[in-house]
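First to last, the protein sequences are chains A and B. For the first sequence, the numbering used here assigns the number 350 to the last residue and increments by one with no breaks. For the second sequence, the numbering used here assigns the number 350 to the last residue and increments by one with no breaks. Where a beta carbon is used, it is the ideal one built from N, C-alpha and C, also for glycine. These numbers were taken from a predicted model, which means no experiment stands behind them.
There are 2 protein chains.
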Amino acid sequence: MPNVLYGQRLVDPINRSMDIVNVLLSGGVGSRLWPLSRKSCPKQYLPIFEGKSLFELSVERNEPIASHTIIVGNASTMHLAKQFIKSKSTSKVRFITESSPRNTAAAICLACLDLAPTDIVLVCPSDHMIGDSKAYLQAIHKAYQLACKEYIVTIGIAPNNPETGYGYIQYKGNDVLAFREKPSLENATHYLESGDFLWNAGIFCFQAGVFLKELESYEPEILTKTKQAWAAQEEGFIPVEYMDQIPSKSVDYAVMERSQRLKVVATEMGWSDLGSFDSMWDYQEKNQQAENVENSNFVISQSSKHIELIGVENLIVVETEDAILVVPRYQSQAVKDVYERLQNQNSQFV
Amino acid sequence: MPNVLYGQRLVDPINRSMDIVNVLLSGGVGSRLWPLSRKSCPKQYLPIFEGKSLFELSVERNEPIASHTIIVGNASTMHLAKQFIKSKSTSKVRFITESSPRNTAAAICLACLDLAPTDIVLVCPSDHMIGDSKAYLQAIHKAYQLACKEYIVTIGIAPNNPETGYGYIQYKGNDVLAFREKPSLENATHYLESGDFLWNAGIFCFQAGVFLKELESYEPEILTKTKQAWAAQEEGFIPVEYMDQIPSKSVDYAVMERSQRLKVVATEMGWSDLGSFDSMWDYQEKNQQAENVENSNFVISQSSKHIELIGVENLIVVETEDAILVVPRYQSQAVKDVYERLQNQNSQFV
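Following this line, the structure appears as structure tokens:
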């Protein structure tokens, strides 16, 4: 436990009620959910969970524990966030609008620059599903206590399958022993069986000043350039000439995998990144929601078309207003390639 | 060769130029092409062959050899036939409109009752494709000559694959040795290899009076009831109370498989019944038309939707304004079952 003042006052977790700033990262594209997810309406804004979007669910999930919310996202879709927030008529939300995407290290840094050093920050992706709110709040509470002690805390999810698309954290108690990037199936199976590994869910809790200090140590250029960008902001909007100067790096590479102050809180909380149609399918199966499962196929349609699948199984069929996707189960990661190809072609269907 | 007058004057093929009445059967549903083919617009009226329908192609194919045309079809779609005929501004067409479908024996009988006994009739389905017009005309010419001699002639197609969905004719020269209904794959393979079998294409040539005489011998009730129905016709429209009295039987069962006057003319003429998406796919491959083949899949779309198939092959995907069908190659016969199920459910998608 670091008991030395680390750039700012040590927060006393005992005498402080949980007081958190929720930093919601909403700049993602969700390209593996194409054609549902589009440039103009990325995954996190799709109202596909009983009429709610993952963004809405994320805001609502953190409302009971957050004193206020900072939404960091990009210029092309921020109106979707603002629209929802307006409908909630809450005033405790601020927006930081990036004119160009510079990955998560910069996004989190921008939010921290807007805060006092001892403010406790809860960074969340806005495009994940968390089924068990109680477990989530318990995990955040533990993370909060560690953050008060100047740790940088990541929430680790106990894996239930040998997923090869996620990063893994080797851990013991609250200590992080190592990071493992997207493993082979063999390694993932070993990680799962050992019980010593957690999925890196991209949910972090720390004091703003602690994060900035760590960023200064490991990626001083990101900090400097982001400071300059923040200084140029107008009502939360960062001009593109400043954004473009910031090195684009994920917070995992920039800070998490290097920091000596990292702790982890392990939890099972019905988490899914819903990052692909496979994980959407898995999520529905696990939660015994069969809304899109027809026979042995997964069908999502945004039209009222009558869809008949004959003699096929384990097939994913997605239909939107202007596109149709057909892909077998366990291959939906490849949807990303389709999105990238379309993007390179300047396709209207991106 | 029958040289006895068979109910009417023997027609001399030498001194008679080819003078044919084309009877076009247009009452089919084409249910195996659902959702393209619909109750309101069956397969033969779909403008999917360079903007033309199979019905249009059938009319045009027989125009050079037919003195006039009788179109027999059902009340719900006859306007589609009339619409096209009107656009051709030809007056040599008559329409016989069935208020309820009673299969091909009745349909052909109705047309024959509208003709003189020695009129030579060429009966054609209106929903088949014939790629080689020259071979077709040659075959019809041979059939015509045999029809003049009071034979009932069927056009037989030299098979090029062991199709199990067709009827087969065992033949020698112009003689029909036997009929074989839809065979097993084993039998179909044997038929193909032996070279002694032809596909029954449902194209017939005979004198109207000869056909009626044969019908009288084998299915007197069909003849009697159809005569009564024909007597009640008004401008070619047969009232439903009369139609419903006619036994529903295919001309194959009613006459062809029983008649001693049957002859066959063998031909290869790029024939396809285009009865299923498999046969559409085969047809395009054989004719080196790749318009609907994308990678190893067959995609028909009536919208401008962007369609992406990933990690699948030998898949048929059909999209219309209100329906989507996905079925593997070689299984598209099962589409008929979907159509029947929808029909039984009184579905709007039939």
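Check: Which residues of the region 299 to 310 of chain A have a Cβ closer than 7 Å to any Cβ of chain B? Give them in chain order.; Outcome: Lys305, His306, Ile307, Glu308, Leu309 and Ile310
Check: Is it right to say asparagine 3 of chain B is buried, meaning 16 or more other beta carbons lie within 10 angstroms of its own, or is it exposed?; Outcome: A caution first: asparagine 3 of chain B carries a pLDDT of 37, below 50, which makes its placement in the model too unreliable to give a value.
Check: I think alanine 81 of chain B touches serine 31 of chain B, with their Cβ atoms under 8 Å apart; what is that distance to the nearest whole Å?; Outcome: Not a contact, Cβ separation roughly 19 Å.
Check: Are the beta-carbon atoms belonging to aspartate 119 of chain B and serine 58 of chain B less than 9 Å from one another?; Outcome: no
Check: Kindly indicate if chain B contains any beta-carbon less than 9 Å away from that of glycine 7 of chain A.; Outcome: Any reading at glycine 7 of chain A needs caution, since the residue's pLDDT is 45, under 50, leaving its predicted position unreliable; the model's value is listed next. Taking Cβ atoms only, chain B never reaches closer than 9 Å to glycine 7 of chain A, which makes this a no.
Check: Given that a residue counts as buried once 16 or more other Cβ atoms are within 10 Å of its Cβ, and exposed if not, what is threonine 77 of chain A?; Outcome: buried
Check: Using 9 Å as the threshold, is the C-beta distance between glutamate 98 of chain A and leucine 113 of chain A below it?; Outcome: no
Check: Please give the ranges of any beta strand (DSSP E) in the region 224 to 262 of chain A, keeping only runs that are unbroken, at least 3 residues long and fully inside the region.; Outcome: none
Check: For alanine 334 of chain B, does the count of other Cβ atoms within 10 angstroms reach 16, so buried, or fall short, so exposed?; Outcome: exposed
Check: For arginine 94 of chain A, does the three-state DSSP call read helix, strand or coil?; Outcome: strand
Check: What residues are listed by DSSP as bridge partners for glutamine 343 of chain A?; Outcome: Answer is none; glutamine 343 of chain A lacks a bridge partner.
Check: Roughly how many angstroms separate the alpha carbons of glutamine 363 of chain A and glycine 73 of chain A, rounded to a whole number?; Outcome: This structure does not reach residue 363 of chain A, given that chain A is present from 1 up to 350, and the question cannot be answered.
Check: Nearest chain A C-beta to valine 327 of chain B closer than 9 Å, yes or no?; Outcome: yes
Check: Which value, in whole angstroms, describes the spacing of the CA atoms of glutamate 332 of chain A and aspartate 278 of chain A?; Outcome: Note that residue 332 of chain A corresponds to serine in the displayed sequence, not to glutamate. Roughly 6 Å between the two C-alpha positions.
Check: Jot down the residue ranges of each uninterrupted alpha helix (DSSP H) in the region 57 to 89 of chain B, minimum 4 residues, whole runs only, in chain order.; Outcome: 78 to 88
Check: Can you tell me which residues form a DSSP beta bridge with threonine 267 of chain B?; Outcome: B/Ile157
Check: Within 9 Å (strictly less), CB to CB, does isoleucine 203 of chain A reach chain B?; Outcome: no
Check: Count the other C-beta atoms from every protein chain shown that fall within 10 angstroms of the C-beta of methionine 1 of chain B, then say buried if there are 16 or more, exposed otherwise.; Outcome: Low local confidence applies: a pLDDT of 39 at methionine 1 of chain B is under 50, so the model's placement there is unreliable, with the coordinate-based value given in what follows. Exposed, because fewer than 16 other Cβ atoms sit within 10 Å of the Cβ of methionine 1 of chain B.
Check: Report yes or no: do the region 203 to 213 of chain B and the region 171 to 189 of chain B share at least 3 C-beta pairs separated by less than 8 Å?; Outcome: no
Check: Is aspartate 127 of chain A close to chain B? Criterion is C-beta to C-beta, closer than 9 Å.; Outcome: no
Check: Establish whether the CB of leucine 185 of chain A and some CB of chain B are separated by less than 9 Å.; Outcome: no
Check: Please confirm whether alanine 106 of chain B and serine 248 of chain B have their CB atoms less than 9 Å apart.; Outcome: yes
Check: Can you list, in chain order, the residues of its chain with a C-beta nearer than 8 Å to that of valine 176 of chain A? Leave out the 5 residues immediately preceding and following it.; Outcome: Thr154, Ile169, Gln170, Leu262, Lys263 and Val264
Check: Glutamine 245 of chain B: which of B/Ser53, B/Ile65, B/Glu234 and B/Ser100 sits nearest, CA to CA?; Outcome: B/Ser100
Check: So which of A/Ser296, A/Leu223, A/Gly311 and A/Thr267 has the shortest CA-CA distance to isoleucine 157 of chain A?; Outcome: A/Thr267
Check: Determine the DSSP secondary structure at leucine 215 of chain B, reduced to helix, strand or coil.; Outcome: helix
Check: Please report the distance separating the alpha-carbon of asparagine 22 of chain A from that of valine 123 of chain A.; Outcome: 6 Å
Check: Lysine 182 of chain A: which of A/Lys92, A/Pro47 and A/Gly167 sits nearest, CA to CA?; Outcome: A/Gly167
Check: Distance, Cα to Cα, phenylalanine 179 of chain A vs isoleucine 316 of chain B?; Outcome: 44 Å
Check: Under 9 Å between the Cβ atoms of tyrosine 283 of chain A and alanine 254 of chain A?; Outcome: no
Check: Candidates B/Arg94, B/Tyr45, B/Pro47 and B/Ser53: which alpha carbon is nearest histidine 68 of chain B's?; Outcome: B/Arg94
Check: Does the beta-carbon distance from isoleucine 310 of chain A to valine 318 of chain A come in below 9 Å?; Outcome: no
Check: Between glutamate 56 of chain B and proline 47 of chain B, is the Cβ-Cβ spacing less than 9 Å?; Outcome: yes
Check: Spell out whether any CB of chain A is found under 9 Å from the CB atom of serine 347 of chain B.; Outcome: yes
Check: Please check the pair asparagine 295 of chain B and glutamate 313 of chain B, which I expect to be a contact at CB under 8 Å, by giving their CB distance rounded to whole angstroms.; Outcome: 7 Å
Check: Leucine 24 of chain A to tyrosine 136 of chain A, Cα distance in whole Å?; Outcome: 16 Å
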